[in-house]
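In UniProt numbering, the protein residues as written are 1 to 351. Note that beta-carbon positions come from the ideal geometry of N, C-alpha and C, so glycine has one too.
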């Protein structure tokens with residue numbers, strides 16, 4: 001869209017016109033429009049007034065410059081191909097769009113240096129808030145230096161962390177999974193399960209330590225046990241890693257009654273491998289996942305999983321972002337509760 005000077009509908013407005021109207025240099029106009037802090041308040045106001053008077057920018061953008069808000073949210077994930085992250089992003093983006101916000105998505109690939117670079121870039125773009133998922137906040141152990149850097153960025157723009165992180169005042173939205181895991185292990189016990197394996201994860205990622213500890217503790221409550229050879233828990237989070245972990249499990253000789261996977265992608269890969277080797281699910285083995293991804297319902301048999309309500313997850317994220325943007329108080333930690341969804345992979349008797 002072309003910009004035209006007031007009273008002259010055929011003349012395009014330029015930065016030089018704005019500089020003359022505001023009585024400042026073109027370089028100063030450029031710095032104001034890019035959000036640079038190296039401009040006096042008097043000159044900044046003069047430029048913004050000239051911008052609005054001339055129609056050089058839509059009023060909404062001029063007003064956002066004046067209010068120091070851009071109605072833009074940064075969204076940092078380690079891997080958007082992971083359905084867990086893409087499901088959350090999808091629903092957050094819908095809410096943002098409905099409320100006049102744009103979302104800038106960035107993939108860090110879980111690398112500390114990429115996260116730092118992305119945070120710097122998002123801050124430079126003057127986003128109003130940033131959602132930070134995975135990466136350093138899921139690391140085990142968590143890096144004190146990495147959290148200190150997040151604290152630094154949080155002083156410039158409101159951050160929201162989607163994992164529990166000790167020793168920081170940055171708002172956190174995290175899952176409370178003990179209830180869902182207890183229900184899961186109770187269900188397996190009711191299906192006659194006495195032994196189980198744990199597949200998937202990575203030893204340097206906190207989600208493995210949390211879910212493995214819960215599975216072991218809750219399984220013990222129902223008289224269920226595992227063996228070291230069935231703990232294939234440093235094998236990854238992908239479908240392919242699920243295939244490989246299941247292939248390793250089949251080499252153990254004696255098999256457990258159930259296979260508990262660290263997420264639904266690992267469960268899908270394990271299901272494929274086990275069936276290709278002639279096992280029937282659930283007749284020969286019970287199989288469970290975690291997270292409640294869409295595909296866990298459409299595979300055959302459907303995968304029993306501890307499922308998140310993703311629209312609710314996104315609503316919680318958006319509400320906390322709005323509190324941060326508007327400087328409203330919020331609880332330091334907000335918890336989400338996944339729920340058990342029982343499907344064919346663990347249901348031996350007819351429904």
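7 Å CB neighbourhood of residue i in its chain, flanking five on each side removed
| i | result |
| --- | --- |
| residue 299 | 268, 271 |
| residue 109 | 78, 79 |
| residue 165 | 137, 142, 147, 172 |
| residue 31 | 38, 39 |
| residue 1 | For residue 1, the predicted structure reports a pLDDT of 38, less than 50, and the residue's modelled location is therefore unreliable. A value from the coordinates is still provided. For residue 1, where only same-chain residues beyond five positions count, there are no Cβ hits under 7 Å. |
Same chain, Cβ closer than 6 Å to residue i, neighbours up to 5 away in sequence not counted
| i | result |
| --- | --- |
| residue 350 | The predicted model places residue 350 with a pLDDT of 48, which falls under 50 and marks its position as unreliable; any figure quoted below should be read in that light. Within the same chain, residue 350 has no close Cβ partners at all. |
| residue 91 | 310, 311, 314 |
| residue 50 | 18, 21, 22 |
| residue 8 | Interpretation of residue 8 is limited by its pLDDT of 41, a score under 50 that renders its predicted location unreliable; the figure taken from the coordinates is listed afterwards. Cβ neighbours of residue 8 beyond the five flanking positions: none. |
| residue 119 | 153 |
The ligand SAH heavy atom lying under 7 Å from the CB of residue i
| i | result |
| --- | --- |
| residue 178 | Judged by which ligands are present, the structure shown has none, so any question about the ligand SAH falls away. |
Which listed residue (the options) has its alpha carbon closest to that of residue i
| i | options | result |
| --- | --- | --- |
| residue 356 | 29, 129, 136, 266 | Residue 356 is absent from the structure shown; the chain starts at 1 and stops at 351. |
| residue 324 | 235, 53, 161, 346 | 161 |
| residue 93 | 167, 242, 340, 315 | 315 |
| residue 331 | 338, 321, 340 | 321 |
| residue 340 | 26, 198, 178 | 178 |
| residue 99 | 70, 105, 157, 81 | 70 |
| residue 249 | 235, 230, 234 | 230 |
| residue 182 | 216, 116, 203 | 216 |
Residue i, buried or exposed, once every other Cβ within 10 Å from all chains shown has been counted against 16
| i | result |
| --- | --- |
| residue 113 | exposed |
| residue 85 | buried |
| residue 154 | buried |
| residue 284 | exposed |
| residue 13 | buried |
| residue 218 | buried |
| residue 280 | exposed |
| residue 277 | exposed |
| residue 352 | No answer is possible for residue 352: the residues shown for the chain start at 1 and end at 351. |
| residue 193 | buried |
| residue 121 | exposed |
| residue 265 | buried |
| residue 291 | buried |
Proximity below 8 Å, CB of residue i to CB of residue j
| i | j | result |
| --- | --- | --- |
| residue 175 | residue 274 | no |
| residue 74 | residue 127 | yes |
| residue 259 | residue 287 | yes |
| residue 137 | residue 201 | no |
| residue 185 | residue 132 | no |
| residue 414 | residue 103 | This structure cannot speak to residue 414, because the chain is shown only from 1 to 351. |
| residue 150 | residue 199 | no |
| residue 302 | residue 243 | no |
| residue 235 | residue 195 | no |
| residue 308 | residue 209 | no |
Residue range of the alpha helix (DSSP H) that includes residue i
| i | result |
| --- | --- |
| residue 335 | Careful: residue 335 lies outside any alpha helix (DSSP H), inside the beta strand (DSSP E) at 333–336. |
| residue 114 | 112–124 |
| residue 150 | 144–154 |
| residue 188 | 178–190 |
| residue 49 | 41–54 |
| residue 273 | 264–276 |
| residue 202 | Residue 202 -> no alpha helix (DSSP H), and no H or E assigned at all. |
| residue 98 | 83–98 |
Neighbourhood of residue i by C-beta, 8 Å cutoff - its chain only, sequence neighbours within 5 removed
| i | result |
| --- | --- |
| residue 346 | 187, 188, 191, 258, 282, 286, 287, 288, 304 |
| residue 294 | 83, 87 |
| residue 43 | 22, 24, 28, 32 |
Span of the beta strand (DSSP E) around residue i
| i | result |
| --- | --- |
| residue 28 | No beta strand (DSSP E) contains residue 28, which is instead part of the alpha helix (DSSP H) from 26–33. |
| residue 286 | 286–291 |
| residue 253 | From DSSP, residue 253 is part of no beta strand (DSSP E); its letter is neither H nor E. |
| residue 73 | 72–77 |
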